[in-house]
Amino acid sequence: MSAALIDGKAIAATIRGEIRDSVQDLEAHHGRVPGLATVLVGQRKDSETYVRMKKRACAEVGIASFGHELPEDVSQDELLAVVAGLNADPEVHGILVQLPLPDHIDDEAVLAAISLEKDVDGFHPLNIGRLSMKRREPLFVPCTPKGCIELLDRSGIEIAGRNAVVLGRSNIVGLPVAMLLLHRNATLTVCHSRTADLPAMVRQADILVAAVGRPEMVKGDWIKPGAAVIDVGVNAVDDASDPRGYRLVGDVDFEAARAVAGHITPVPGGVGPMTIAMLLQNTLAGFKRSLGAA
Ligand code: NDP
């Protein structure tokens with residue numbers, strides 16, 4: 631039997647449609663639209679691509695975007711001044727500082743300077759702190775972890791009471807997704823590079839979230855029959871048959887896992903499209919909150 635595919639591309643498209651409708655509705659009632667500010671430091675090609683994709687996604691749903699491009703050698707104070715200006719700008723409801731920042735910038739200080747109400751990436755220490763505490767609500771949840779939960783929810787996969795295993799404990803994916811699963815009453819195991827007998831841990835998982843960045847590390851016979859598999863990993867592997875010379879694979883051996891799992895996300899087309907959809911959703915939420923506060 632083959633697992634049901636969790637089609638992140640289609641689910642993200644549905645969510646973008648919902649956001650577009652909501653933005654139109656709010657504009658009709660309030661004469662204003664949500665605004666997302668992006669701050670890009672330097673000229674990293676991957677960061678430029680991500681920022682461009684985010685701006686394009688905003689345009690598609692009617693969210694205004696404000697791009698700030700700063701030189702690689704911008705000082706910490708200059709960058710903090712840009713963030714302060716955006717914090718004060720009433721047209722801006724979300725601020726996204728594209729990571730990674732150059733080495734001479736203290737990224738923790740920059741993330742902490744973003745207004746809590748505009749922290750659409752969810753990386754402000756207070757939002758992360760609230761996420762890590764029982765019965766505390768962060769204003770925003772980081773986008774990729776939030777996208778993982780949304781995929782489970784929209785696929786009708788029960789979380790409460792199930793064994794969830796998260797592979798990876800990064801600040802960006804592993805830890806926040808683990809916290810979200812715990813908040814939703816999963817019984818949680820977090821694995822990392824020092825975990826003994828990873829296959830045995832993974833075999834306990836009714837829900838597996840893989841976020842390690844190791845191509846096809848999780849084998850088919852590690853998967854519990856019927857499990858839901860959310861593969862966050864994006865890894866380029868050499869492939870002479872592909873015109874680009876490489877192809878993208880996840881952290882899970884997709885074909886082998888698909889034969890055992892109940893549900894599985896593909897790579898690409900699983901978690902990836904959800905990240906930007908969640909950023910748009912967070913920006914919309916920030917806008918709605920600002921209307922309530924006005
Ligand atoms: P990091 O490198 O920051 O973290 C990797 C984690 O995996 C660490 O906790 C590490 O353990 C653990 N790990 C590494 N090797 C092993 C191993 N052999 N066995 C068990 N655990 C291991 O990565 P990120 O969290 O930033 O990203 C993970 C993957 O997700 C990457 O492929 C990345 O490209 C992808 N990604 C995808 C996104 C999307 O939108 N689809 C967004 C963000 C990331 P330890 O802590 O012990 O070092």
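Taking this note's numbering, I'd label the letters of the sequence shown as residues 631 to 924.
Glycine included, each C-beta is placed from N, C-alpha and C at the ideal position.
All of these numbers come straight from a predicted model, not from anything done at the bench.
Stretch pair the stretch 706–718 + the stretch 733–744: three plus CB contacts closer than 8 angstroms: Yes, the stretch 706–718 touches the stretch 733–744.
Would you report the Cα separation of residue 769 and residue 922, rounded to the nearest angstrom? Answer to the nearest angstrom: the Cα atoms are 14 angstroms apart.
Is residue 828 near ligand 1 - that is, is its Cβ less than 8 angstroms away from at least one heavy atom of it? Within the cutoff, so yes.
Backbone secondary structure at residue 740 - three-state DSSP: It is helical.
Determine, using beta carbons only, whether residue 822 and residue 804 come nearer to each other than 9 angstroms. Result yes, Cβ atoms of residue 822 and residue 804 sit closer than 9 angstroms.
Beta strand (DSSP E) runs wholly inside the stretch 696–774, at least 3 long, in chain order: Whole beta strand (DSSP E) segments, 3+ residues: 724–727.
Grab the span of the alpha helix (DSSP H) containing residue 689 for me, first residue to last. Residue 689 -> alpha helix (DSSP H) spans 675–691.
Check whether residue 806 and residue 838 have beta carbons under 9 angstroms apart: Not in contact: residue 806 and residue 838 (Cβ atoms no closer than 9 angstroms).
Please give me, in chain order, every unbroken run of the beta strand (DSSP E) with length at least 3 that falls completely inside the stretch 763–840. 793–797, 817–821, 837–840, all fully within the stretch 763–840.
Buried versus exposed call for residue 912 [16 or more other C-beta atoms within 10 Å across all chains shown]: The residue is buried, with at least 16 neighbouring Cβ atoms inside 10 Å.
What is the chain-ordered set of residues for which the beta carbon lies under 5 angstroms from any non-hydrogen atom of ligand 1? Output, sorted by chain position: 774, 798, 799, 800, 802, 803, 822, 823, 841, 842, 843, 862, 863, 864, 901, 902, 905.
Between the Cα of residue 677 and the Cα atoms of 727, 868, 783, which residue gives the shortest distance? Here the closest residue by C-alpha is 727.
Round the Cβ separation of residue 778 and residue 862 to the nearest angstrom and send it over; I've been treating them as touching at under 8 angstroms. Indeed they touch by this definition, with Cβ atoms about 7 angstroms apart.
With DSSP run on the structure shown, which of helix, strand or coil describes residue 895? Looking at residue 895 - three-state DSSP - the assignment turns out to be coil, as it is neither helix nor strand.
What are the boundary residues of the beta strand (DSSP E) that residue 877 is part of? 876–879 is the span of the beta strand (DSSP E), which, as asked, contains residue 877.
I'd like the list of long-range same chain contacts for residue 731, defined as Cβ closer than 7 angstroms, with 5 residues on each side in sequence excluded. Same-chain partners within the cutoff: 671, 737, 740.
Boundaries (first-last residue) of the alpha helix (DSSP H) holding residue 653: Residue 653 -> alpha helix (DSSP H) spans 638–660.
Please return the same chain residues whose Cβ sits closer than 6 angstroms to the Cβ of residue 798, not counting the five positions on each side in sequence. Hits under 6 angstroms: 804, 841, 842.
According to DSSP, is residue 851 part of a helix, a strand, or is it coil? DSSP, reduced to helix, strand and coil, places residue 851 within a helical segment of the structure shown.
With 16 other CB atoms within 10 Å as the buried threshold, where does residue 653 fall? Residue burial is scored here from C-beta neighbours: residue 653 has at least 16 other C-beta atoms within 10 angstroms and is therefore classed as buried.
Only counting the same chain, and skipping five residues up and downstream in sequence, which positions put a Cβ closer than 6 angstroms to that of residue 856? In the same chain as residue 856, and ignoring 5 residues on each side of it, the C-beta atoms closer than 6 angstroms to its own belong to 892, in chain order.
Range of the contiguous beta strand (DSSP E) that encloses residue 858: Taken as a continuous stretch (DSSP letters only), the beta strand (DSSP E) holding residue 858 covers 858–861.
Burial state of residue 702 (16 or more Cβ within 10 Å): Exposed.
What residues are listed by DSSP as bridge partners for residue 694? DSSP lists 665 as partners of residue 694.
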